[in-house]
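A.B. asks:
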Amino acid sequence: MTIMTEARIDVAALDALLAPYDRTDAPGFAVGVALGGRPGYRRGVGMASIELPVVLSPSIRMRIGSTSKHFCVLALMLLVEEGRLSLDDSPRRHLPELPAWADATTIRQLMAHTSGMRDSLDLLLITAGPGKAGPEDLQLKLLAGLDSVDFAPGTSWSYNNGGYVLLSELVERLSGQSFGHFLKERILAPIGMYDTLLRELDTVLLPNSATLHVPLPDGGYARGVFGIPLKGEGGIVSTVDDMLLWLRHMSNPLIGTSAAWAEMRTPLATHGYGLGLISDTHRGLRTVHHSGGVIGGCCQMVKVLDHDLDIIAISNGRSVVELYGLVDAIIDACIPGLPPAPADSGGEPVAGDFHSPATGRVISLVAHGSAQAISFGGMVLPALRDVDGTIRVSIIPSDLSIKPVRQGREIVALDVTEYGNLDRLHLVTPPSATSLAGREGAYAHGPAGIEGRLYAGAGDRPRLLLSGPIGSLDYGLEPIGPNLWRTVPPDGLPIAATLEFQDDRFLLTTGRTRRLPFTRTA
């Protein structure tokens, strides 16, 4: 039996956790830890830029990615307090250029990722990849051209940056100010967060900023650049010191009413997501958190409510897996005696591709050495197996639970439960003869400006050229089942989709887009 003690900040223990990243040839982490609102640990390790002899520090600006989202929600909460909108309004009431699908959803559902709308950012990434430039109104125009949704509002959950594009636009139209100016004037400056601001573009230089690093296969790095403007979906840059101020403010808010903050923390999905914040537990301790990822960086912000422990960790090039592992280890070091972390039950890892006839979803179980991993949407994630064989992942906002279905010793299907919905995925294998002959030609998705050209390939692997408003990507295609193909992204990009062929069209599904229809045009 373990006995949990009071929280403490053990500097030596935290230094030991950061030691592997204390290098002069790689990006690293900036970390802050506070107890009772008082900072007790502030440190940066690794380089702010491998091009310059500058080490990361708690006072250097870094992108916090989607940790920006609850700032966006709070901005709208301030406008709700002023009577300028209701969270139960349709977004189309204030953004009349949106299509009819927006009538059925609410602003609250945009905040909670339960709207069911298509994700504009996902569509831009799948058609052009990261780093392509585009105008400020690019995503709004793309959403205005879509005529279908992923699911009916309120029936499921899917992380959706496009919803926060609309929320940012609402802040601007209802306040008459730019999103960045509203943040500064109404939220950041009153708290004293003077090094925090909206940085819409990575291409515009900003003093005291760390460089984003994207690891390359050869061991080097490329500069991380997100080409399109970012706002409430993930555009804020901050420092460890400023984020510690923010975490202290969250314990006793001056900006926003207590009712607004309570609503932000109230879960609207089975895995704890509320309005820009996630209410969760860490080995029995209540937490509130939100992470963020950008091209070449990541962030995690956590409040351990039961001990008034605040943690912020920001990286300019380490992996999300390393980030989550580091933050969990910091909690464990600060609160000795916690129950042990769930362990993998062991055994041989399972491999296979599984497809849902109901939703189009494809999940691949893969072996990562002797460990089990899950691949979907271009991501390969570590997984844990329970003693009953159930497979789970814990580093994404999800309550994903995968139960293998067996006939004898063979796994023939997966029962996937997520956000209260059960989806059965069946094992698929490619047919002995696979060809896309007769399906070559041009395809398009309605008026949104998204097109695909299919090349069957004479002796070569079939290809799909996907094009959107700001560019195109040329994918290889490989069969995984009857009329079911998987894209092979260029240059190892972590972007993937599956195609279901039906007569004169195909349906495209990614980790955040469900069955986007492409109809043959030529």
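Numbering (this note's numbering), first residue to last: 89 to 610. Built from N, CA and C at the ideal position, the CB exists for glycine as well. A quick note: this is a predicted structure, and the numbers were derived from the prediction, not measured.
(1) If you count every other CB in all the chains shown that lies within 10 Å of the CB of Leu-565, and 16 or more means buried, which is it?
(2) Report the residue ranges of all alpha helix (DSSP H) runs contained in full by the region 277-353; include only those spanning at least 4 residues, in chain order.
(3) With distances taken Cα to Cα, identify the nearest neighbour of Ser-379 among His-395, Pro-187, Glu-410 and Ala-431.
(4) With 16 as the cutoff for other CB atoms within 10 Å, does Val-121 come out buried or exposed?
(5) Using the Cβ count rule (16 or more neighbours within 10 Å means buried), how would you classify Val-623?
(6) For Pro-179 and Leu-254, I'd like the C-alpha separation in whole angstroms.
(7) With distances taken Cα to Cα, identify the nearest neighbour of Trp-573 among Pro-557, Asp-579, Leu-595 and Pro-582.
(8) Work out the CA separation of Ser-444 and Val-493 for me, nearest whole Å.
(9) Going straight from the alpha carbon of Met-205 to that of Thr-601, what length do you get?
(10) Using alpha carbons as the reference points, say which of Arg-549, Arg-527 and Lys-157 lies closest to Asp-592.
(11) Measuring only the C-alpha atoms, how far is Pro-187 from Met-338?
(12) Just reading off the beta strand (DSSP E) that Asp-398 is part of, what are its end residues?
(13) Decide if Gly-381 is buried, meaning its Cβ has at least 16 other Cβ atoms within 10 Å, or exposed.
(14) I need the DSSP call for Ala-190, collapsed to helix, strand or coil.
(15) Could I get the ranges of all uninterrupted beta strand (DSSP E) runs contained in the region 434-515, with 3 residues as the minimum, in chain order?
(16) Hey, would you say Gly-440 sits closer than 7 Å to Glu-588, going by beta carbons?
(17) What are the complete beta strand (DSSP E) segments, minimum 3 residues, inside the region 96-150?
(18) Starting from the Cα of Arg-40, find the closest Cα among Ala-501, Arg-311 and Arg-172 and give me that residue.
(19) Measuring CB to CB, does Gly-219 end up less than 7 Å from Leu-231?
(20) Counting pairs of beta carbons, one from the region 496-505 and one from the region 419-430, are three or more of them closer than 8 Å?
(21) Count the other CB atoms within 10 Å of the CB of Pro-317; is the residue buried (16 or more) or exposed (fewer)?
(22) Nearest CA to the CA of Cys-386: which residue from Pro-115, Val-468, Pro-557 and Ala-95?
(23) If we call anything under 7 Å between Cβ atoms a contact, is Leu-228 one with Glu-257?
(24) So, using beta-carbon positions, are Arg-603 and Thr-597 closer together than 7 Å?
(25) Compare the beta carbon distance of Ser-463 and Val-454 with 7 Å and say whether it is the shorter of the two.
(26) From Arg-541 to His-533, what does the alpha carbon distance come to, in whole angstroms?
(27) Could you check what DSSP says for Thr-215 in three-state terms: helix, strand or coil?
(28) Contact check, Gly-242 vs Gln-197 under 8 Å by CB: the rounded distance?
(29) What is the rounded straight-line gap between the Cα of His-395 and the Cα of His-370?
(30) Looking at the unbroken beta strand (DSSP E) that takes in Gln-388, where does it start and where does it end?
C.D. replies: The short version:
(1) The residue is buried, with at least 16 neighbouring Cβ atoms inside 10 Å.
(2) 328-339 and 346-353
(3) Glu-410
(4) buried
(5) Nothing about residue 623 can be read from this structure; the chain reaches only from 89 to 610.
(6) 8 Å
(7) Out of Pro-557, Asp-579, Leu-595 and Pro-582, Leu-595 has the C-alpha closest to the C-alpha of Trp-573.
(8) So the alpha carbons of these two residues sit roughly 14 Å apart.
(9) 9 Å
(10) Arg-527
(11) 36 Å
(12) 397-403
(13) buried
(14) helix
(15) 440-443, 450-456, 459-464, 467-470, 489-495 and 498-506
(16) no
(17) The qualifying runs are 117-123, 126-133 and 135-137.
(18) Since the first and last residues shown for the chain are 89 and 610, residue 40 lies out of range.
(19) no
(20) no
(21) By the beta-carbon neighbour count (other beta carbons within 10 angstroms, threshold 16), Pro-317 is buried.
(22) Pro-115
(23) yes
(24) yes
(25) Against a cut-off of 7 Å, the Cβ pair of Val-454 and Ser-463 comes out as a contact.
(26) Their Cα atoms are separated by approximately 12 Å.
(27) helix
(28) 6 Å
(29) 12 Å
(30) 385-392
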